[in-house]
Every structure is written in C-alpha cells, then in structure tokens.
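Counting with UniProt numbering, you get residues 1 to 78 for the letters of the sequence shown. Every residue gets a Cβ at the ideal spot worked out from N, C-alpha and C, and that includes glycine.
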Amino acid sequence: MQWLVVSVDRKILSSSAGLLNTILAIAGPLMTTLFTIIAGTINVNYALYGVLGFSAIVFTVTLTVMIKVNKTKQAEIT
1 MQWLVVSVDR KILSSSAGLL NTILAIAGPL MTTLFTIIAG TINVNYALYG
51 VLGFSAIVFT VTLTVMIKVN KTKQAEIT
C-alpha cells in the first residue's frame, strides 16, 4: 500500500484505496469462477496456465509502478 500513498494525491487517497479494494473484492470471485469454468470444460492445465499468465501480468504491473514511484522519489530528493 506504500506505493499508493506516494503515487496518489493525499486528497483522493481514501477514495483511491476504497476503489482499489472494491475492484479486488469483485475480481476475486470472478477470477475464481472463470478459472473453474476453464478447468471444468476444457482442461485443468489451461486454467493453470491462465493463473500463471495472470500472475505474471500482475507482477509486471507491480514492478512497473514500483520503478516509477522510485524514480519520482529520487527526482524529488535531488
């Protein structure tokens, strides 16, 4: 959550955190349903590949945001 505090204006921080929480609360059951349907109808391997791919995307986005926030912090310091 620290990157969110740094990257979002303090006036809209609470609404941004609330929106992020809402998105994650909605996405969890939807992703579970999607991967369960894929595993049941097609093949469990495809569902596992989907989970792996989705995790890689989330990891990449997280790294990108962390790098941008770190660059912003370094620019503010100098």
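Open item on the list: By the three-class DSSP mapping on this structure, what secondary structure does threonine 78 have?
Closed with: Here the question's residue 78 lines up with position 78 in the sequence shown. It is coil, neither helix nor strand.
Open item on the list: According to DSSP, simplified to helix, strand and coil, what is asparagine 43?
Closed with: Taking the first residue of the sequence shown as 1, we reach residue 43 at position 43. Asparagine 43 falls in the coil class under three-state DSSP.
Open item on the list: Could you check whether isoleucine 38 and alanine 27 sit closer than 8 Å to each other, using their CB atoms as the reference points?
Closed with: Indexing the sequence shown from 1 puts residue 27 at position 27. Indexing the sequence shown from 1 puts residue 38 at position 38. Judged by beta-carbon spacing, isoleucine 38 lies beyond the 8 Å limit of alanine 27, meaning their Cβ atoms are not closer than that value.
TODO: Report yes if the CB atom of glycine 53 is closer than 8 Å to the CB atom of phenylalanine 35, and no otherwise.
DONE: For this step, residue 53 is matched to residue 53 along the sequence shown. For this step, residue 35 is matched to residue 35 along the sequence shown. Here glycine 53 is not near phenylalanine 35, since their CB atoms are 8 Å or more apart.
Task: Through-space distance from leucine 63 to residue 82, alpha-carbon basis - done: As shown, the chain starts at 1 and ends at 78. That puts residue 82 outside it, with no answer to give.
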